[in-house]
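Structure, as structure tokens:
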Amino acid sequence: MKIQNYINGEFENPIEDHWLENYNPAKGKVYGKFPNSTNADVESAVLAAENAFPIWSNTSIDERSKILTNIADLILGNLEFLAKAESKDNGKPISLARQIDIPRAADNFRFFANAITQFSSEAHESVGFNAMNFTLRQPIGVVGCISPWNLPLYLFTWKIAPALAAGNCVVAKPSEITPMTAFILADICSEAGLPNGVLNIVQGLGNTIGQAIVKHPKIKAISFTGGTKTGAHIALTAAPMFKKLSLELGGKNPNIIFADCNYDKMLETTVRSSFANQGQICLCGSRIFVEENIYEKFKQDFIEKVAQLNVGNPEEETTDIGALISKEHLEKVKSYIDIAHTEGGNILFGGERVEVENFEKGYYLQPTIIEVFDNKCRLNQEEIFGPVVTIMSFKTDEEALSLANDAKYGLSATLWTNNLNRTMQFSKQLQTGIVWVNTWMLRDLRTPFGGQKDSGVGREGGFEALRFFTEPKNICIQYD
Ligand code: TXE
């Protein structure tokens, strides 16, 4: 299966004809190739975007909205095909791709197709000065969208949809580990009537063409999702060029469980918030803190539930946990589990690789629960980004809050309690961009999405995203 770049509405081979191999993580085997693009391909994409900008930025809001709605409809129309492609490329269970990844990609386009028809800006009358001010929100021009491998189409479209809705032209790069669904999206965009050059997709390595996109003088804003280290590197490159930056980075999210919660709902949700997508979601609740008086009960019940999770071939409907994204990533996650032995953690469940019949070369790992005794330990301070959670108990509210906040990251937190005062006190004092109370991953796309501290800067979602992808200009008119 050969994947190509999508530039100026055409599918193109990389100009210098270098290619990379694409792996199927479930089988640990190469199943295709894709462009190892170079600066020449980025140049060609930027030129196409630049040429398309006058047309697209003057396309009416209704016309833009119609085209983005067509894209949403076509994504849904190709749901099964896209879900299979995503599961094969990423190793995630087909059920997850079908229920979450692909429908949300359609929602991303549909949401911004509607949001742009409601987006407006203010006017301010300078009374006594015969002057009228209005704020003109203009599209930026050519923008860069760079996305990670964990939720490939979901996060790729989460950036592209608002950028296009706001009238920008896009140079986009999916992760080199999951190139497939971006390639399929290109076809869908053409079919939906998106004009040539409005969206350009360049496939390849982050440290070559990802860097080239970030550095390109004609790309005025970068929307990035990925690791904190990479985000810092991108900021170093783009900041001196005064580019707008939206950085959605890593997480090490606390899941705080009080005895007064709805226990059964908490337990079922905590299994999901711990291991969904093989724990490869930056929003996963990877540090579990449980009130002392239910700690023993929780430990038993949680282990019992997790033991029922089915690790296996992602193509099977019954699979709960598929393959990790790559051999390297599996080894990185495993290395953290091995630290438990030296750092004095108790592996309560899992910790071993899983051999799946007929998929012996696949990258499978058991869901793993590690009991720790000090939040300062590496297992609680570093992002593992795999099917690994730690658990420890706490006595008081103050202790829970300080444990939760004692982290470099600040993306999301989950709180289980029915106590209103506690809910308000924690919501105000948790140092995260998102707080879920008695739920997890319930997403309203109008809300600001993003984190604090090492989880990044800027917010995606709703009008925050449309404001990111536009430049506000104050027009002040004095009249007689
Ligand atoms: O990140 P990488 P990964 C985080 C998650 C984890 C990481 C996993 O916590 O840490 O992302 O994704 C490109 N210049 N989030 O391993 O390596 C690279 O090619 C320009 C947080 O993929 O940072 C890929 O396309 N680009 C998030 C993308 O950056 C570069 C949700 C990400 O790669 C580059 C999901 C460079 N120098 C994952 N180097 C959230 N907060 O929502 C790499 N890239």
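Numbering (this note's numbering), first residue to last: 1451 to 1930.
Beta carbons: idealized from backbone N, C-alpha and C, even for Gly.
(message) For L1635, report the span of its alpha helix (DSSP H) as first-last.
(response) By one-based count along the sequence shown, residue 1635 stands at place 185. Here the alpha helix (DSSP H) through L1635 covers M1630 to E1641.
(request) Starting from K1694, follow the beta strand (DSSP E) in both directions and report where the run begins and ends. (result) To locate residue 1694, count along the sequence shown from 1; it is residue 244. K1694 to E1698 is the span of the beta strand (DSSP E), which, as asked, contains K1694.
(message) If contact is defined by three or more beta carbon pairs under 8 angstroms, each pair taking one atom from either stretch, is the region 1629 to 1647 in contact with the region 1516 to 1533?
(response) yes
(message) Let's see if you can read the secondary structure: which residues bound the alpha helix (DSSP H) around Q1750?
(response) In the sequence shown, counting from the first residue as 1, residue 1750 sits at position 300. Q1750 -> alpha helix (DSSP H) spans E1742 to A1757.
(request) Return the chain-ordered list of same chain residues with a C-beta closer than 6 angstroms to the C-beta of D1856, the five sequence neighbours on each side being excluded. (result) The count along the sequence shown starts at 1 and reaches residue 1856 at position 406. Counting only Cβ-Cβ distances below 6 angstroms, and skipping sequence neighbours, we find N1825.
(message) Threshold first: 3 residues or longer. Then list the beta strand (DSSP E) segments lying entirely within the region 1854 to 1915, N to C.
(response) For the region 1854 to 1915, whole beta strand (DSSP E) runs of length 3 or above, ordered along the chain, are 1862 to 1866 and 1884 to 1887.
(message) Beta-carbon within less than 8 angstroms of L1524's beta-carbon, same chain only, minus the 5 sequence neighbours each way: which residues are those?
(response) Your numbering for residue 1524 matches position 74 in the sequence shown. These residues qualify, in order along the chain: I1638, E1641 and A1642.
(message) Taking a contact to mean a Cβ-Cβ separation below 9 angstroms, would you say N1455 touches N1650 in this structure?
(response) What you label residue 1455 is simply residue 5 of the sequence shown in a count that begins at 1. What you label residue 1650 is simply residue 200 of the sequence shown in a count that begins at 1. The answer is yes: Cβ separation under 9 angstroms.
(request) Quick one: give me the first and last residue of the beta strand (DSSP E) that G1482 is part of. (result) Counted from its first residue, the sequence shown places residue 1482 at position 32. Segment K1479 to P1485, the beta strand (DSSP E) holding G1482.
(request) If I'm right that S1673 touches A1613 with Cβ under 8 angstroms, what's the distance once you round it to whole angstroms? (result) Numbered from its first residue, the sequence shown carries residue 1673 at position 223. Numbered from its first residue, the sequence shown carries residue 1613 at position 163. About 7 angstroms; that satisfies the 8 angstroms criterion.
(request) Have a look at G1735 and T1607 and give me their C-alpha separation to the nearest angstrom. (result) Your numbering for residue 1735 matches position 285 in the sequence shown. Your numbering for residue 1607 matches position 157 in the sequence shown. Straight through space, the alpha carbons of T1607 and G1735 are spaced by roughly 24 angstroms.
(message) Would F1844 pass as an interface residue toward chain C - the criterion being a Cβ-Cβ separation below 9 angstroms?
(response) Protein chains in the displayed structure number just one, and chain C is not present.
(request) May I ask you to check if the CB of L1780 is nearer than 8 angstroms to at least one heavy atom of the ligand TXE? (result) Mapped onto the sequence shown, residue 1780 falls at position 330. Answer for L1780: no, Cβ out of range of the ligand TXE.
(request) With a threshold of 8 angstroms, establish whether the CB of F1918 neighbours any heavy atom of the ligand NAP. (result) Absence of the ligand NAP is noted for the structure shown, with the ligand TXE being the only ligands found.
(request) Within its chain, find whatever has a CB closer than 6 angstroms to the CB of A1555; leave out the 5 residues flanking it on each side and keep chain order. (result) Residue mapping note: residue 1555 aligns to position 105 of the sequence shown, counting from 1. Same-chain partners within the cutoff: I1525, L1603, Y1604 and T1607.
(request) Evaluate the contact criterion for the region 1841 to 1854 versus the region 1802 to 1816: three or more CB pairs, one atom per stretch, below 8 angstroms. (result) no
(request) Grab the span of the alpha helix (DSSP H) containing E1466 for me, first residue to last. (result) Taking the sequence shown and counting its residues from 1, one reaches residue 1466 at position 16. Unbroken run through E1466: none, as it is neither H nor E.
(request) Rank F1739, V1652 and F1823 by C-alpha distance to the C-alpha of G1594 and give the top, closest one. (result) Start at 1 with the first residue of the sequence shown, and residue 1594 comes out as number 144. Out of F1739, V1652 and F1823, V1652 has the C-alpha closest to the C-alpha of G1594.
(message) Measuring CB atoms only, is the region 1862 to 1870 touching the region 1833 to 1841, in the sense that at least three cross pairs come out at less than 8 angstroms?
(response) no
(request) Mark C1732 as exposed unless 16 or more other C-beta atoms lie within 10 angstroms of its C-beta, in which case mark it buried. (result) Taking the sequence shown and counting its residues from 1, one reaches residue 1732 at position 282. Flag for C1732 reads buried.
(message) Rounded to whole angstroms, what is the Cα-Cα separation between M1630 and E1765?
(response) Taking the sequence shown and counting its residues from 1, one reaches residue 1630 at position 180. Taking the sequence shown and counting its residues from 1, one reaches residue 1765 at position 315. So the two alpha carbons sit approximately 16 angstroms from each other.
(message) Tell me which residue opens and which closes the alpha helix (DSSP H) that P1612 is part of.
(response) As a first step, residue 1612 must be located in the sequence shown, where it is residue number 162. Counting along the chain, the alpha helix (DSSP H) containing P1612 begins and ends at P1602 to A1615.
(message) Would Q1730 and I1775 qualify as a contact pair, given that the criterion is a beta-carbon distance under 9 angstroms?
(response) Translated into positions along the sequence shown, residue 1730 becomes position 280. Translated into positions along the sequence shown, residue 1775 becomes position 325. Yes, Cβ-Cβ distance for Q1730 and I1775 is below 9 angstroms.
(message) Using only the alpha-carbon positions, how far apart do A1671 and A1498 sit?
(response) The residue given as residue 1671 occupies position 221 in the sequence shown. The residue given as residue 1498 occupies position 48 in the sequence shown. Cα-Cα distance, rounded: 17 angstroms.
(message) Given 8 angstroms as the limit, tell me if N1657 has its C-beta closer than that to any heavy atom belonging to the ligand TXE.
(response) Walking along the sequence shown from the start, residue 1657 turns up at place 207. N1657 has its CB nearer than 8 angstroms to a heavy atom of the ligand TXE.
(request) List the whole-angstrom C-beta distance separating L1699 from T1678, where the pair is believed to meet the contact cut-off of C-beta under 8 angstroms. (result) As a position in the sequence shown, residue 1699 is number 249, starting the count at 1. As a position in the sequence shown, residue 1678 is number 228, starting the count at 1. That pair is a contact at about 4 angstroms.
(message) If contacts are defined as beta-carbon pairs under 8 angstroms, then L1861 and T1889 qualify, I think. What distance do you get, rounded to the angstrom?
(response) The sequence position of residue 1861 within the sequence shown is 411, counting from 1. The sequence position of residue 1889 within the sequence shown is 439, counting from 1. Not really, about 16 angstroms apart at Cβ, beyond 8 angstroms.
(request) Kindly identify the DSSP beta-bridge partner or partners of S1673. (result) Numbered from its first residue, the sequence shown carries residue 1673 at position 223. Under the DSSP definition of a beta bridge, S1673 partners with C1595 and S1696.
(request) Report the rounded CA-to-CA distance for E1718 versus G1591, giving the unit in angstroms. (result) Locating residue 1718 in the sequence shown gives position 268, where the first residue counts as 1. Locating residue 1591 in the sequence shown gives position 141, where the first residue counts as 1. Rounded to whole angstroms, the gap between the alpha carbons of E1718 and G1591 is 45 angstroms.
(request) Could you round the C-beta distance between G1795 and I1820 to whole angstroms and report it? I think they count as a contact, below 8 angstroms. (result) In the sequence shown, residue 1795 corresponds to position 345, counting from 1. In the sequence shown, residue 1820 corresponds to position 370, counting from 1. Yes, G1795 and I1820 are in contact; Cβ-Cβ is about 4 angstroms, under 8 angstroms.
(request) Determine the direct distance from the alpha carbon of G1482 to that of A1476, and round the result to whole angstroms. (result) Against the sequence shown, residue 1476 aligns to sequence position 26. Against the sequence shown, residue 1482 aligns to sequence position 32. A1476 and G1482: Cα-Cα distance of roughly 14 angstroms.
(message) At a threshold of 8 angstroms, does V1838 count as lining the ligand TXE (C-beta to nearest heavy atom)?
(response) The residue you call residue 1838 lines up with position 388 of the sequence shown. Checking every heavy atom of the ligand TXE against the Cβ of V1838, none is found closer than 8 angstroms.
(request) Consider the C-beta atom of F1484 and the heavy atoms of the ligand TXE; say whether any pair is separated by less than 8 angstroms. (result) On the sequence shown, position 34 is the one that residue 1484 refers to. No, Cβ of F1484 sits at least 8 angstroms from all heavy atoms of the ligand TXE.
(request) To the nearest angstrom, report how far apart N1458 and A1490 are at their CA atoms. (result) Reading the sequence shown from its first residue, position 8 is the one you call residue 1458. Reading the sequence shown from its first residue, position 40 is the one you call residue 1490. Between the alpha carbons of N1458 and A1490 lies a gap of roughly 14 angstroms.
(message) To the nearest angstrom, how far is the alpha carbon of L1895 from that of S1877?
(response) Stepping through the sequence shown from its first residue, residue 1895 is reached at position 445. Stepping through the sequence shown from its first residue, residue 1877 is reached at position 427. Going by the C-alpha atoms only, they are around 20 angstroms apart.
(message) Can you tell me whether L1601 sits near the ligand TXE, meaning its C-beta is under 8 angstroms from at least one heavy atom of the ligand?
(response) Locating residue 1601 in the sequence shown gives position 151, where the first residue counts as 1. Yes.
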